[in-house]
Amino acid sequence: MENIIEKNKVYNIPNNKVIEKLIRNFLNNKKVNTLSVVHNDDFIQSYVYRNIETCTDRNLKIVSVNEISDLENTIRDSLMLSIVKKKYFYEGEVTEMKEVNEFIVITLMTKKESKVVQLPKYLKNLLDGIRVGDIIYIEPSIGIVKRIGRSEKYINEYDLEAKRYISNKKGQVFNSKDTDYTLSLYDLDFYFNRNDFNITSYTREFTNEFVENNNFIIGYTLIIIKDAHLLDECGLNIIKEYSETYESFKFILIGYMSELLFRNGMCVKLNEEMSNIDKLKILSNKANDDDFVNPIKEILNDNNLKTISTMMNISDSASEFIENLKLIK
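Each residue of the sequence shown is one higher than the last, beginning at 1 in UniProt numbering.
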């Protein structure tokens, strides 16, 4: 990379204008998972946030300092998992429904066949309001029973509860199809922890093992941690663990001052000072530099310099900045 000096994996940038190129390369480099941005200039941080979505199509999560206490859950909630599973379901008209021992036995019929379905009694409340003649959908593995409508052969009956009459299906009662499921690592934690928010390390380990043993597709996630210099050793270890365990994670740490790097990580040292003209050039992006900067030079002075800096921080584009600037002329 031009104008970047490499020394022991620590990157020094003589010219801060290369930051966008650096971030793009970081996001596209699968071998580098953590980026420490050593600079506390609000403009630089704002610039990083504004441009990050144009650099990547990854799932983006920005974590502020007040969320660091719940860092691990935030990280796990950011990692999306996808899997294709067979969904098995029954669909047809109810011709009989009765209780037998510990089961509720339902006979479903289509135009082609009739089949018996057994549901455990603890799902009995799902059958409230369902009666003979209704066409229903049952997915036993996850406890779903849904009334689709009432068989059209009952259309001549005076029935205020029917609401919708439909034709019975022609195919089989029992069917299966491939279904895409997408959920986060934290969703699985919550499920395996019996819907208890106080998730334990044991549950996380169980979830991790479950993911390893199934054919999940792990999505890409980018996490930006603001005020990362406030991270304690525990927080740094959490980031280290997830950046090294999952290749799909990328972390950008804003304000992390230590040169102690993670494995597969790098540190960016920005110039401590950046002139307002340089900031304006960055903000102008593809605008003609001279046309953009020269009018600004004419009104720069000690009295309005702070106001101009504020306008830069709240502007998302060159045109928006020029409009904001007109307010202080």
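Ideal Cβ placement from N, Cα and C applies to all residues, glycine included.
Values in this document were obtained by computation on a predicted structure and should not be read as measured data.
Check: Given Lys111 as reference, the closest of Ile223, Glu241, Leu236 and Ser151 once Cα atoms are compared; Outcome: Ser151
Check: Where Leu230 falls, given that 16 or more other Cβ within 10 Å makes a residue buried; Outcome: exposed
Check: Distance between beta carbons of Ile136 and Lys146, contact taken as under 8 Å; Outcome: 7 Å
Check: Contact check, Lys169 vs Glu91, beta carbons under 8 Å; Outcome: yes
Check: Cβ neighbours of Lys286 in the same chain (closer than 6 Å, five flanking residues each side left out); Outcome: Because Lys286 sits at a pLDDT of 35, beneath the cut-off of 50, its placement in the model cannot be relied upon, and the following sentence gives the value as read from the coordinates. Within the same chain, Lys286 has no close Cβ partners at all.
Check: Own chain, CB closer than 6 Å to Glu139, minus 5 neighbours either side, in chain order; Outcome: Phe89
Check: Cβ-heavy atom distance, Gln118 to the ligand PLP, below 7 Å; Outcome: What this structure holds is no ligand at all, so the ligand PLP is not there to describe.
Check: The beta strand (DSSP E) enclosing Glu247, as first and last residue numbers; Outcome: First-last for Glu247: undefined, no H or E at that position.
Check: Span separating the alpha-carbon of Gly235 from that of Glu72; Outcome: 8 Å
Check: Collapsed DSSP secondary structure at Gly235 in the structure displayed; Outcome: helix
Check: Residues sharing a beta bridge with Met109, DSSP; Outcome: Glu93 and Ser114
Check: In DSSP terms, what Ile136 is bridged to; Outcome: Gly92 and Arg147
Check: Member of Lys250, Tyr186 and Phe192 whose CA lies at the smallest distance from the CA of Asp77; Outcome: Tyr186
Check: Phe190 - DSSP class collapsed to helix/strand/coil; Outcome: helix
Check: Leu127, enclosing alpha helix (DSSP H) - first and last residue; Outcome: Note, Leu127: premise wrong, no alpha helix (DSSP H); not H, not E.
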